[in-house]
Amino acid sequence: MSLLRRAAEPPGGQPSEVLVSVAVEDDLEVADEDDGPFEPGRWAGLARAVLATEGVLGPAELTLTFVDEASISELNKRWMGEEGPTDVLSFPLDGAEPQLPGVPRLLGDVVLCPAVARRYAHSHARRAEDELALLVVHGVLHVLGHDHAEAQEEAAMHAREDHHLRLHHDPAWTRSAS
117 MSLLRRAAEP PGGQPSEVLV SVAVEDDLEV ADEDDGPFEP GRWAGLARAV
167 LATEGVLGPA ELTLTFVDEA SISELNKRWM GEEGPTDVLS FPLDGAEPQL
217 PGVPRLLGDV VLCPAVARRY AHSHARRAED ELALLVVHGV LHVLGHDHAE
267 AQEEAAMHAR EDHHLRLHHD PAWTRSAS
């Protein structure tokens with residue numbers, strides 16, 4: 117996987133803020149005719165807002181990486197033991213270890229596949245941008261340790277996702293359709 121375009125959202129002049137980097141795979145088709153232009157800063161901003169609301173004020177670092185179906189299929193097979201593409205994978209890095217002063221907490225990586233997100237958006241009667249927003253929030257929550265293996269965990273995670281999406285993405289967000 118070769119990454120050509122990479123953008124880091126500046127921490128706003130505040131050394132304690134979270135740095136969110138965005139990497140986009142070479143030649144990745146991130147939008148179709150129904151979507152507007154791909155704006156890495158928008159997704160970095162959403163991730164940073166979710167982290168702040170969840171109490172991560174920094175210094176910390178997170179990476180969002182947008183890849184094609186072949187790349188996410190490889191990652192899905194290697195790390196999850198699952199065949200085929202998926203929409204999002206999260207790779208948390210730092211646990212609860214004490215942080216050294218001035219050293220950013222490395223939160224982890226969230227890998228997203230816009231092509232799969234577009235398919236899921238259509239099947240859920242959502243706009244592609246809403247599906248991608250859901251996946252960014254979902255991935256960030258996984259990096260922070262939230263899970264959905266059990267029904268109760270899934271309900272709690274969906275509630276957190278919905279809260280963040282209404283707060284930071286679209287006040288009219290609903291899970292059934294946007």
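Numbers 117 to 294, taken from this note's numbering, label the letters of the sequence shown in order. We put the CB at the ideal spot given by N, CA and C, even for glycine. Treat the numbers as computed from the prediction; the structure is a model and nothing was measured.
Within the same chain, and ignoring the five residues on either side of residue 185 in sequence, the residues whose Cβ sits closer than 7 Å to its Cβ are 201, 229, 231 and 232.
In this structure, the CA atom of residue 134 is about 15 Å from the CA atom of residue 209. Between residue 225 and residue 181, the CB-CB gap stays under 8 Å. The three-state reading of DSSP puts residue 228 in strand, counting E and B together. For the segment 135-201, the full-length alpha helix (DSSP H) segments reaching 4 residues or more read 156-169 and 185-191 along the chain. Residue 205 sits close to residue 227, with the two beta carbons spaced by under 8 Å. The DSSP-derived three-state label of residue 291 is coil. Contact annotation: residue 179 and residue 283 have beta-carbon atoms that are not nearer than 8 Å. Under the DSSP assignment, residue 219 falls outside any alpha helix (DSSP H); it carries neither an H nor an E label. In summary, residue 203 is buried, with 16 or more beta-carbon neighbours lying within 10 Å of its beta-carbon over all protein chains present. Taking 8 Å as the cut-off, the beta carbon of residue 221 is found closer than this to the beta carbon of residue 176.
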